[in-house]
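Numbering (the numbering used here), first residue to last: 389 to 667. All residues carry an ideal CB built from backbone N, CA and C; glycine is no exception. Given the structure is predicted, the values throughout are model-derived calculations rather than measurements. Below: the structure, in structure tokens.
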Ligand SMILES: NC(=O)c1ccc[n+]([C@@H]2O[C@H](COP(=O)([O-])OP(=O)(O)OC[C@H]3O[C@@H](n4cnc5c(N)ncnc54)[C@H](OP(=O)(O)O)[C@@H]3O)[C@@H](O)[C@H]2O)c1
């Protein structure tokens, strides 16, 4: 399965997330790609990710004949309020310079000359968009214009902020990456905005943000019906409503299980049941 962004670039239909793996990052990325994942998500933010260790895995994968162009690499620019003292840029430089420094350091960490997707980790402002948000977005747009990244996107964004970007940006985001709570209709407002503007929606914390779903009798019955686990029912649901799900599993068996989520199809009634489960 794959999705196509509005500029024609293809995105694999399931992503492997590299957050919180610390020193196991290289081993887990190798396991994930060997299991079959072809899209990797990381960030140039040492609090939660280790891009350089993702890069070590990529170097080793070339020896396994997994070429760079067979992988989809996505990383993020994290503003200073999301970093600790280990910022990958000069905090006293302009935001534009910070983006360019962070981007170049991501390329070096990942041993690549281009990215498939470059994402703003989150807006500077909570409500609306301020001057910093427009400066950071223009800098990210310039990386897209230079051809160094095939897609650009934004994470942790509200429907209102996304509407503003779509209205006023030169290039609206091609991807959005958000936390997906069943209690908010699985981020329904943002997903609808994405559908309206042909933006690919990536959902994270589908499992960790929705523990109550794991014990729901209707979902458990679906898992039993399809001979699978609740996690795969959630990922399959995500795919069927048009999301690209992320999984952050550290377990090789779960990697294999999660990748089998596209091997059954929920009925429209089942999709509707899950869509409204937490509301
Ligand atoms: N943009 C952002 O601000 C942001 C924030 C958070 C995350 N992310 C991205 O999203 C990625 C995924 O993170 P997440 O929190 O969304 O991960 P997740 O997949 O929702 O949760 C991972 C948890 O689910 C469990 N799990 C996965 N597959 C399972 C299965 N088949 N059966 C049972 N348990 C299963 C894992 O346990 P096991 O390890 O035991 O399998 C782990 O405890 C991150 O790595 C990161 O790339 C982005």
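If you run the structure through DSSP and keep just helix, strand and coil, what is residue i?
i, result
"residue 541", "strand"
"residue 390", "strand"
"residue 666", "coil"
"residue 566", "strand"
"residue 405", "strand"
"residue 507", "strand"
"residue 400", "strand"
"residue 602", "helix"
"residue 465", "strand"
"residue 447", "helix"
"residue 472", "coil"
"residue 497", "helix"
"residue 477", "coil"
"residue 572", "helix"
"residue 536", "coil"
"residue 548", "helix"
"residue 647", "helix"
"residue 435", "coil"
"residue 642", "helix"
"residue 597", "coil"
"residue 616", "coil"
"residue 482", "coil"
"residue 560", "coil"
"residue 654", "coil"
"residue 661", "helix"
"residue 422", "helix"
"residue 454", "coil"
"residue 416", "helix"
"residue 488", "helix"
"residue 579", "helix"
"residue 637", "coil"
"residue 608", "helix"
"residue 526", "helix"
"residue 531", "helix"
"residue 553", "helix"
Can you tell me whether residue i sits near ligand 3, meaning its C-beta is under 8 Å from at least one heavy atom of the ligand?
i, result
"residue 408", "What this structure holds is ligand 1, not ligand 3."
Pull the bridge partners of residue i from the DSSP assignment, please.
i, result
"residue 427", "460"
"residue 725", "Lying before the first or after the last residue shown, residue 725 is absent from the chain, which here runs from 389 to 667."
"residue 623", "Answer is none; residue 623 lacks a bridge partner."
Thinking residue i and residue j are a contact (beta carbons under 8 Å), I'd like their distance in whole angstroms, please.
i, j, result
"residue 532", "residue 520", "With a Cβ gap of about 19 Å, residue 532 and residue 520 do not count as contacting."
"residue 470", "residue 516", "The pair is not a contact, with the Cβ atoms about 19 Å apart (cut-off 8 Å)."
"residue 460", "residue 427", "4 Å"
"residue 588", "residue 393", "5 Å"
"residue 590", "residue 629", "Not quite, the Cβ-Cβ distance comes to about 13 Å (not below 8 Å), so this is no contact."
"residue 478", "residue 484", "Between residue 484 and residue 478 the Cβ distance is about 12 Å, and since that is not below 8 Å, they are no contact."
"residue 389", "residue 657", "About 22 Å separates the two Cβ atoms, so there is no contact after all."
"residue 667", "residue 571", "7 Å"
"residue 543", "residue 507", "5 Å"
"residue 625", "residue 595", "The pair is not a contact, with the Cβ atoms about 12 Å apart (cut-off 8 Å)."
"residue 401", "residue 627", "6 Å"
"residue 640", "residue 423", "7 Å"
"residue 463", "residue 434", "About 13 Å; that fails the 8 Å criterion."
"residue 509", "residue 476", "About 12 Å; that fails the 8 Å criterion."
Determine contact between the stretch 408-417 and the stretch 568-584, defined as no fewer than three beta-carbon pairs at a distance below 8 Å. no
Quick check: the stretch 626-637 against the stretch 602-612, are at least 3 beta-carbon pairs closer than 8 Å? no
Should the stretch 559-566 be called in touch with the stretch 606-616, which here means at least 3 C-beta pairs below 8 Å? no
Meets three-Cβ-pair contact criterion under 8 Å: the stretch 551-562 and the stretch 532-541: yes
Can we say the stretch 438-447 touches the stretch 656-665, given the rule of at least three CB pairs closer than 8 Å? no
Would you check if there are 3 or more beta carbon pairs closer than 8 Å linking the stretch 476-492 to the stretch 444-453? no
Evaluate the contact criterion for the stretch 543-553 versus the stretch 640-647: three or more CB pairs, one atom per stretch, below 8 Å. no
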